[in-house]
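From first to last, the protein sequence lines stand for chains G and E. So the first sequence is numbered by the working numbering: it starts at 1 and just counts up by one. So the second sequence is numbered by the working numbering: it starts at 1001 and just counts up by one. Here a beta-carbon is modelled for each residue, glycine too, at the ideal position from N, C-alpha and C. These numbers were taken from a predicted model, which means no experiment stands behind them. In what follows, a structure is listed as structure tokens, so that the remarks can point back to it.
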Amino acid sequence: AQSVSQHNHHVILSEAASLELGCNYSYGGTVNLFWYVQYPGQHLQLLLKYFSGDPLVKGIKGFEAEFIKSKFSFNLRKPSVQWSDTAEYFCAVNAGAGNMLTFGGGTRLMVKP
Amino acid sequence: EPEVTQTPSHQVTQMGQEVILRCVPISNHLYFYWYRQILGQKVEFLVSFYNNEISEKSEIFDDQFSVERPDGSNFTLKIRSTKLEDSAMYFCASNPGLGSTGELFFGEGSRLTVL
């Protein structure tokens, strides 16, 4: 069975600070990796995804994530956060098309203006 | 851009009542899912559905839950006799299937409040 761990449950940053959210997964085979964002009161939206190729993937709103296979990690980064990035961020993994997505516990990010 | 739509957006019900949550997945998608998120908690997988049958389900998806694709467009989640702990946001999602990247496209959710 696959599992996803997000070690930071709550992160508070000031605007313009750099962000890195950790994500580690457990699964023995080939995986697809995702970061979803949930703004307050809204649904899940895809930030970025990795399924093959360049392990450094770029997503929307200036976010990027790096897949490090040897560390089973897929950390999310943004060089300079904005107040509007305040949201909950979920890392997720699946074994490919048609397979269920397993979510991490989420990281609640608050950006202070 | 095609999207997954869910109704109702919010439903309040009494404990013990039956509830049906409806979803219209993206039209050419083949895999359908229900997830739930209890307030302040993680997003939990309930069930996946493919080719008119359940392909996978979690421990949460017990006999009180059922899913159905009654026609070519709707995908429903039924809770037969709601409990207080069923209060949550329920998300429907769909995926195109083989050849896709595995990304799930989520609806905006149906908030269920059980009193």
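> Looking at chain G, which residues of the segment 1042-1053 of chain E have a Cβ within less than 7 Å of any of its Cβ atoms?
Replying inline: From the segment 1042-1053 of chain E, only 1042, 1043, 1045, 1048, 1050 have a Cβ closer than 7 Å to chain G.
>> For a quick check, are the C-beta atoms of residue 93(G) and residue 4(G) less than 8 Å apart?
In response: For residue 93(G) and residue 4(G), yes; Cβs fall inside 8 Å.
> Can you name the residues of chain E whose CB is closer than 9 Å to the CB of residue 110(G)?
Replying inline: The premise fails here: residue 110(G) is roughly 14 Å from chain E at the closest Cβ pair, so nothing lies under 9 Å.
>> So, for residue 59(G): in the same chain, excluding its five sequence neighbours on each side, which residues have a beta-carbon less than 6 Å away from its beta-carbon?
In response: Same-chain partners within the cutoff: 47, 48.
> Using the rule of at least 16 other Cβ atoms within 10 Å of the residue's Cβ for burial, across every protein chain shown, is residue 10(G) buried or exposed?
Replying inline: By the neighbour-count criterion, in which 16 or more other beta carbons inside 10 Å mark a residue as buried, residue 10(G) falls on the exposed side.
>> For residue 1041(E) and residue 103(G), what's the separation of their Cα atoms in angstroms?
In response: 11 Å
> With residue 98(G) and residue 6(G) assumed to form a contact (beta carbons below 8 Å), what rounded beta-carbon distance in angstroms separates them?
Replying inline: Actually they do not touch by this definition, with Cβ atoms about 25 Å apart.
> Can you tell me where the beta strand (DSSP E) with residue 32(G) in it begins and where it stops?
Replying inline: 32-38
>> Can you find the residues in the same chain that come closer than 7 Å, C-beta to C-beta, to residue 1064(E), ignoring five residues on each side of it along the sequence?
In response: 1079, 1080, 1081
> Rounded to the nearest angstrom, how far is the Cβ of residue 1031(E) from that of residue 1107(E), given a contact under 8 Å?
Replying inline: About 14 Å separates the two Cβ atoms, so there is no contact after all.
> Quick one, which residues of the segment 1096-1109 of chain E are near chain G if we go by CB-CB under 9 Å, in chain order?
Replying inline: 1096, 1097, 1098, 1099, 1100, 1101, 1102, 1103, 1104, 1105, 1106, 1107, 1108, 1109
>> By the DSSP assignment, the beta strand (DSSP E) with residue 1005(E) in it spans what residues?
In response: 1005-1007
> When DSSP labels each residue in this structure, what does residue 3(G) get in the three-state scheme?
Replying inline: strand
> With distances taken between CB atoms, is the gap from residue 1112(E) to residue 1076(E) smaller than 8 Å?
Replying inline: no
>> Is there a Cβ of chain G sitting closer than 8 Å to that of residue 1059(E), yes or no?
In response: No, residue 1059(E) lies away from the interface with chain G (no Cβ there is under 8 Å from its Cβ).
> Using a beta-carbon distance below 8 Å, is residue 1056(E) in contact with chain G?
Replying inline: yes
> For residue 1075(E), which residues in chain G fall below 7 Å Cβ to Cβ?
Replying inline: Taking a Cβ-Cβ threshold of 7 Å, none of the residues of chain G is close to residue 1075(E); the smallest such distance is about 15 Å.
> What is the C-beta distance between residue 77(G) and residue 88(G), in whole angstroms, given that I count them as a contact (C-beta under 8 Å)?
Replying inline: About 17 Å separates the two Cβ atoms, so there is no contact after all.
>> Pop quiz: residue 72(G) and residue 25(G) are said to be a contact at Cβ under 8 Å. What is the actual Cβ separation, rounded to whole angstroms?
In response: Going by Cβ atoms, the distance from residue 72(G) to residue 25(G) rounds to 5 Å, so yes, they are a contact pair.
>> Per DSSP, what are the beta-bridge partners of residue 66(G) in this structure?
In response: Bridge partners of residue 66(G): 56(G), 75(G).
>> DSSP three-state label for residue 88(G), please.
In response: Here residue 88(G) sits in strand by DSSP.
>> Against residue 105(G), what residues of chain E qualify as contacts under a CB-to-CB distance less than 7 Å, listed in chain order?
In response: 1042
> Where does residue 48(G) fall in DSSP's three states?
Replying inline: Residue 48(G) falls in the strand class under three-state DSSP.
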